[in-house]
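K.L.:
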Amino acid sequence: RAFPRSAGNFVRLNLRRKSYARGYVLRGNRLRKQIWKQKWQKKAQWFGGGGGSVDRSADVCFRCGGTGHWASTCRGREAAAGPLPPESGRADEEEEDPLPTLEEVARRTNSVCPELCESGDAEREKSRRILEAAWRPTPEPPAPPPPVEPLYGLDPEGKVRATPEEVFEALTALGYGSFRPGQEVAVMRILSGLSTLVVLPTGMGKSLCYQLPAYLYHRRSRCVTLVVSPLVSLMDDQVAGLPPCLKAVCVHSNMSRAQREAAMEKVR
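Position 111, counted from 1, in the sequence shown is what this note's numbering calls 91; the numbers after and before it change by one each time, with no gaps.
Here's what the structure looks like:
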């Protein structure tokens, strides 16, 4: 027997079909095309052009200067051109060339004229003085500050020295009792002025490898440590979870202009 039809939420599905929807709906390519049309219609309302249903009464034709149409559909090109100006009766008359000056004649004939040479030298000297007075030297950028000297030197064999007690005191000030594997070597290399590449698993304390040297360098020479991070979330976590003895700000593309300026003021 036939199932009773219900006007409620009950829907009888045909499992042989891949999908089912009540009434007409847009899906797939049709839905993408409709969204594409809506996007370009919105752009046309802001910038002009595009969209068949957009009001073009305010559009100006650059060919005839009229409104309501574009140059591709302009029909008033001949009318906008206007009548040609009346021809002048003196158009056929030839203009006489001006007579050359004495300096030009002397220059063309390579003749020597002391008075002209003296006057020409005076003019050149005057022009040179004017150029010297108007010339301004190109401002040169100030010289960069000298590099920060390493906190510790190398031993006579060119190797990193043993970790001094000052480093362990700074480690305690940051809230740690001891180094994890790989941290102590990286910290001492940075404090000795050596380029260092640290590869550690996640959660093994890579941030301490630059926080501890930054703390010691700043305590000695009041310098600023610049840290470049590829993740915005990592930057926010690092700034929020710093020990009390460290101060830091972050600047990234998700911040507003006022927030970036406030961060730079804290650095200054």
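The C-beta atom is built at its ideal place from N, Cα and C for all residues, glycine as well.
#1: Using DSSP's beta-bridge definition, name the partner residues of Val40.
#2: Helix, strand or coil for Cys230, going by three-state DSSP, please let me know.
#3: Are the Cβ atoms of Leu214 and Leu154 separated by less than 8 angstroms?
#4: Roughly how many angstroms lie between the CA atoms of Arg108 and Pro125, to the nearest whole one?
#5: Is the beta carbon of Arg169 sitting closer than 8 angstroms to the one on Val140?
#6: Using 8 angstroms as the cut-off, can you tell me whether the region 211 to 231 makes contact with the region 143 to 158, which would need three or more C-beta pairs spanning the two stretches below that distance?
#7: Around the C-beta of Leu266, are 16 or more other C-beta atoms found within 10 angstroms, so that it is buried, or is it exposed?
#8: What is the rounded straight-line gap between the Cα of Lys19 and the Cα of Ser52?
#9: With distances taken Cα to Cα, identify the nearest neighbour of Ala142 among Pro80, Glu120, Glu129, Ala166.
#10: Applying the criterion that 16 or more other CB atoms from any shown protein chain within 10 Å of the CB defines a buried residue, is Ala150 buried or exposed?
#11: Do you know how far the Cα of Tyr4 is from the Cα of Leu(-7)?
#12: State the CB to CB distance for the pair Leu196 and Ser172, rounded to an integer number of angstroms; the pair is presumed to be in contact (CB under 8 angstroms).
#13: Output yes or no for whether 8 angstroms exceeds the beta carbon distance between Val147 and Cys203.
#14: Just reading off the alpha helix (DSSP H) that Cys189 is part of, what are its end residues?
#15: Just to confirm, are Cys230 and Ala243 a CB contact at a threshold of 8 angstroms?
P.N.:
In short:
#1: The count along the sequence shown starts at 1 and reaches residue 40 at position 60. According to DSSP, Val40 bridges with Thr47.
#2: Taking the sequence shown and counting its residues from 1, one reaches residue 230 at position 250. Coil, per DSSP.
#3: In the sequence shown, residue 214 corresponds to position 234, counting from 1. In the sequence shown, residue 154 corresponds to position 174, counting from 1. No.
#4: Here residue 108 corresponds to residue number 128 of the sequence shown, with the count starting at 1. Here residue 125 corresponds to residue number 145 of the sequence shown, with the count starting at 1. Computed Cα separation, rounded: 39 angstroms.
#5: The count along the sequence shown starts at 1 and reaches residue 169 at position 189. The count along the sequence shown starts at 1 and reaches residue 140 at position 160. Yes, these two residues count as a Cβ contact at 8 angstroms.
#6: yes
#7: No statement about residue 266 is possible, as the shown extent of the chain runs from -19 to 248 and does not include it.
#8: Position 39 of the sequence shown, counting from 1, holds the residue named residue 19. Position 72 of the sequence shown, counting from 1, holds the residue named residue 52. When rounded, the distance between both Cα atoms is 23 angstroms.
#9: Reading the sequence shown from its first residue, position 162 is the one you call residue 142. It is Ala166 whose Cα lies nearest to the Cα of Ala142.
#10: One-based indexing of the sequence shown puts residue 150 at position 170. It counts as buried.
#11: Taking the first residue of the sequence shown as 1, we reach residue -7 at position 13. Taking the first residue of the sequence shown as 1, we reach residue 4 at position 24. Going by the C-alpha atoms only, they are around 16 angstroms apart.
#12: In the sequence shown, the residue the question calls residue 196 occupies position 216. In the sequence shown, the residue the question calls residue 172 occupies position 192. The pair is not a contact, with the Cβ atoms about 12 angstroms apart (cut-off 8 angstroms).
#13: Taking the sequence shown and counting its residues from 1, the one referred to as residue 147 is at position 167. Taking the sequence shown and counting its residues from 1, the one referred to as residue 203 is at position 223. Not closer than 8 angstroms, so no.
#14: The residue given as residue 189 occupies position 209 in the sequence shown. 188 to 201 is the span of the alpha helix (DSSP H), which, as asked, contains Cys189.
#15: Translated into positions along the sequence shown, residue 230 becomes position 250. Translated into positions along the sequence shown, residue 243 becomes position 263. Going by C-beta atoms, Cys230 is nearer than 8 angstroms to Ala243.
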